[in-house]
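A.B. asks: Got a structure here, written out as structure tokens. Questions coming.
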Amino acid sequence: MVLARVRGTVVSTHKPSSMEGLKLLLLEKVDPVTMKGKGDFVVGVDSVGANAGEIVFFVTGSSARMTETTKGKPSDATIIAIVDAIEKDGALTYEKARPE
Amino acid sequence: MVLARVRGTVVSTHKPSSMEGLKLLLLEKVDPVTMKGKGDFVVGVDSVGANAGEIVFFVTGSSARMTETTKGKPSDATIIAIVDAIEKDGALTYEKARPE
Amino acid sequence: MVLARVRGTVVSTHKPSSMEGLKLLLLEKVDPVTMKGKGDFVVGVDSVGANAGEIVFFVTGSSARMTETTKGKPSDATIIAIVDAIEKDGALTYEKARPE
Amino acid sequence: MVLARVRGTVVSTHKPSSMEGLKLLLLEKVDPVTMKGKGDFVVGVDSVGANAGEIVFFVTGSSARMTETTKGKPSDATIIAIVDAIEKDGALTYEKARPE
Amino acid sequence: MVLARVRGTVVSTHKPSSMEGLKLLLLEKVDPVTMKGKGDFVVGVDSVGANAGEIVFFVTGSSARMTETTKGKPSDATIIAIVDAIEKDGALTYEKARPE
Chain D
448 MVLARVRGTV VSTHKPSSME GLKLLLLEKV DPVTMKGKGD FVVGVDSVGA NAGEIVFFVT
508 GSSARMTETT KGKPSDATII AIVDAIEKDG ALTYEKARPE
Chain H
448 MVLARVRGTV VSTHKPSSME GLKLLLLEKV DPVTMKGKGD FVVGVDSVGA NAGEIVFFVT
508 GSSARMTETT KGKPSDATII AIVDAIEKDG ALTYEKARPE
Chain S
448 MVLARVRGTV VSTHKPSSME GLKLLLLEKV DPVTMKGKGD FVVGVDSVGA NAGEIVFFVT
508 GSSARMTETT KGKPSDATII AIVDAIEKDG ALTYEKARPE
Chain A
448 MVLARVRGTV VSTHKPSSME GLKLLLLEKV DPVTMKGKGD FVVGVDSVGA NAGEIVFFVT
508 GSSARMTETT KGKPSDATII AIVDAIEKDG ALTYEKARPE
Chain R
448 MVLARVRGTV VSTHKPSSME GLKLLLLEKV DPVTMKGKGD FVVGVDSVGA NAGEIVFFVT
508 GSSARMTETT KGKPSDATII AIVDAIEKDG ALTYEKARPE
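Residue numbers (the working numbering), protein chains in the order written: chain D, 448 to 547; chain H, 448 to 547; chain S, 448 to 547; chain A, 448 to 547; chain R, 448 to 547.
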């Protein structure tokens, strides 16, 4: 799975009926050491209610169809997790801000 | 899914009968921040009636066969959406021109 | 699908019986603007009778098995079209020479 | 399959129920000659009980679902082996330390 | 399929029972023009009895499971041919040494 930050949305009215109602997010891959964006973007289908700015990971290939949201649908990149924390070599490189 | 601009068409008379009648488009991947082409091209099967110059996204892998147009056909890149708008960090980086 | 030029052949006597009789071609990916080779090579199974020097496109992944030639066979790159012409931004970047 | 070192963990409470209980590890791809990390990270599902610091290899694509742990689950990168040794050109480039 | 040279072996005692008995080889991708290694390595499952130093090609993705050896197993890279010769633009760039 690939770590990414939700950067925005992609709007399309002209698509197959099987894609209707799916939320399409603009994702930028991130480096998990610096948490900086890599300038490499994909369009992902959201299956977890991710919001702009959040760190997520998405799954590619046929496994992108292995969620309730995307079963039988033409997705090759599906967001399956909102990330709470990334730990590398015993230290946190990322921790999600908690709502106050 | 991958954002791209329709740059032209690819013509082939010598192909399997299962590919007959499919529209084959020349796609150039685009950067969604600058909307410039990346010089990276693929041949995609059109399932949405995309036209030259339009921004689309295409789906890869086995999911490229998950449309009415490409079911059971040897496509690994199928255009499944014409993009109306791309929003990044709260601002539009792309908005499709409306017909007057 | 990926545009490539047929550059030669790959010979192997030591392979599974399911691969017997398949024509294995050496393909070099090409840039569709300049039509120059990219120095990036793959071995493809031919399903259309392609010849050395011709521009083709091949299909990857599980879709590479979606031809009569490769059904159930371990191919991840199958040539499915000999290209006649490539049109980009209204002009031809490639046109196949016709036999006189 | 791809060689990598386990560098840490990725924590997510917000994910599909099918992913509950799976251990998500932060993997850095390694060069098997120098055994140095490549700065290229993925999130992998652990199916073998790998620990931080260990060299493993993971399997991608639909084959990532071909383990007891990941059957029918949306994984595109599953750790399927802890590496004991890598031999290249007759010499070991890596040998796992044995517990004393 | 991807051309590579067998550079060595990868040893793992800690892996799923479905992987038991499979020979895991360290493969380095090669350029078919110079026949030099590209410094890009993968771990492949051997289905043809390849030996160190030999040029082979391997198949990726779900097609890596389309051999007797790897059916239903978590392989995403399976060696399916030992290469005897590579011909490019009418000349051999590689020819396997014959046993005397």
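Yeah, the Cβ is synthetic: ideal placement off N, Cα and C, and Gly gets one too.
From the beta carbon of V506(S), is the nearest beta carbon of chain H less than 8 Å away?
C.D. replies: Yes, V506(S) counts as interfacial toward chain H.
A.B. asks: Taking a cut of 8 Å between CB atoms, which residues from the stretch 513-534 of chain S lie near chain R?
C.D. replies: So the close ones are G519, K520, P521, S522, D523 and A524.
A.B. asks: Under the three-state reduction of DSSP, which class applies to A544(D): helix, strand or coil?
C.D. replies: Correct three-state label for A544(D): coil.
A.B. asks: Which parts of the stretch 494-530 of chain S are runs of the beta strand (DSSP E), unbroken and 3 residues or longer, counting only runs that do not cross its ends?
C.D. replies: Counting only runs of 3 or more, we get 502-507 and 524-529.
A.B. asks: Could you list the residues in the stretch 466-491 of chain S with a C-beta less than 7 Å from some C-beta on chain R, going in chain order?
C.D. replies: The stretch 466-491 of chain S vs chain R, Cβ under 7 Å: M466, L473, F488, V489 and V490.
A.B. asks: Please list the terminal residues of the continuous beta strand (DSSP E) segment that includes V449(D).
C.D. replies: Unbroken beta strand (DSSP E) run through V449(D): V449 to V458.
A.B. asks: Skipping 5 residues on each side, what residues in its chain have a beta carbon closer than 8 Å to that of V480(H)?
C.D. replies: For V480(H), where only same-chain residues beyond five positions count, the Cβ hits under 8 Å are K535 and T540.
A.B. asks: Quick one: using the 10 Å Cβ neighbour count with 16 as the cut-off for buried, is R512(H) buried or exposed?
C.D. replies: Classification of R512(H): buried, given that the 10 Å Cβ count is 16 or more.
A.B. asks: Between M466(R), V490(R), S464(R) and T517(R), which lies nearest to R452(R) when the distance is taken from Cα to Cα?
C.D. replies: Considering only alpha carbons, the answer is V490(R).
A.B. asks: For M466(R) and L474(H), I'd like the C-alpha separation in whole angstroms.
C.D. replies: Spanning the two alpha carbons is a distance of roughly 40 Å.
A.B. asks: Return the Cβ separation of I527(R) and V495(R) in integer angstroms, given the expectation that the two are a contact with Cβ distance under 8 Å.
C.D. replies: Between V495(R) and I527(R) the Cβ distance is about 6 Å, and since that is below 8 Å, they are a contact.
A.B. asks: Would G455(R) pass as an interface residue toward chain A - the criterion being a Cβ-Cβ separation below 8 Å?
C.D. replies: True, the Cβ-Cβ gap to chain A drops below 8 Å.
A.B. asks: To the nearest angstrom, how far is the alpha carbon of G484(R) from that of V477(R)?
C.D. replies: Computed Cα separation, rounded: 4 Å.
A.B. asks: Which residues in chain D sit within 8 Å of S509(A), going by Cβ to Cβ distance?
C.D. replies: Those within 8 Å of S509(A) in chain D are G508, S509 and S510.
A.B. asks: Say whether chain D places a C-beta atom closer than 8 Å to the C-beta of T540(A).
C.D. replies: Chain D contact via Cβ: absent.
A.B. asks: On the three-pair Cβ rule with 8 Å, is the stretch 454-468 of chain A touching the stretch 500-514 of chain S?
C.D. replies: Judged by Cβ distances under 8 Å, the stretch 454-468 of chain A makes no contact with the stretch 500-514 of chain S, as fewer than three pairs qualify.
A.B. asks: Contact criterion: CB-CB distance below 8 Å. Does D536(S) meet it with respect to chain H?
C.D. replies: Closer than 8 Å: yes.
A.B. asks: Please compile the residues from chain R whose C-beta is within a distance smaller than 8 Å of the C-beta of V495(A).
C.D. replies: The contacting residues are H461, K462 and P463.
A.B. asks: Does any C-beta atom of chain R lie closer than 8 Å to the C-beta of V458(S)?
C.D. replies: Yes, V458(S) counts as interfacial toward chain R.
A.B. asks: How about G455(D) and A524(D): are their beta carbons less than 8 Å apart?
C.D. replies: Against a cut-off of 8 Å, the Cβ pair of A524(D) and G455(D) comes out as no contact.
A.B. asks: Below 8 Å on the Cβ atoms is my contact criterion, and I expect P521(D) with S522(H) to pass it. Report the Cβ-Cβ distance as a whole number of Å.
C.D. replies: The Cβ separation is near 11 Å, so there is no contact.
A.B. asks: Quick one: Cα of V503(H) to Cα of G486(H), how far?
C.D. replies: If I take the Cα positions, the gap works out to 16 Å.
A.B. asks: Just to check my reading of the structure: D531(R) and T507(S) have Cβ atoms closer than 8 Å, yes? What is that Cβ distance to the nearest angstrom?
C.D. replies: That belief does not hold up - the Cβ atoms of D531(R) and T507(S) are roughly 25 Å apart, past 8 Å.
A.B. asks: Can you grab the Cα-Cα spacing for the pair L471(D) / A538(H), in whole Å?
C.D. replies: Roughly 16 Å separates the two Cα atoms.
A.B. asks: Would you call the CB atoms of L469(H) and V449(H) closer than 8 Å?
C.D. replies: Going by C-beta atoms, L469(H) is not nearer than 8 Å to V449(H).
A.B. asks: Could you compute how far the alpha carbon of F505(H) sits from the alpha carbon of V457(A)?
C.D. replies: Those two C-alpha atoms are separated by around 29 Å.
A.B. asks: Apply the 10 Å Cβ neighbour rule to A497(S) and answer buried if 16 or more other Cβ atoms are within range, or exposed otherwise.
C.D. replies: Burial call: buried.
A.B. asks: At which residues does the beta strand (DSSP E) containing V480(H) begin and terminate?
C.D. replies: Looking at the DSSP string, V480(H) is not in any beta strand (DSSP E), and its letter there is neither H nor E.
A.B. asks: Can you tell me where the beta strand (DSSP E) with E467(H) in it begins and where it stops?
C.D. replies: Neither: E467(H) is in no beta strand (DSSP E) and is coded neither H nor E.
A.B. asks: Using DSSP with H/G/I as helix, E/B as strand and the rest coil, what is K535(S)?
C.D. replies: The answer is strand: DSSP assigns K535(S) an E or B state.
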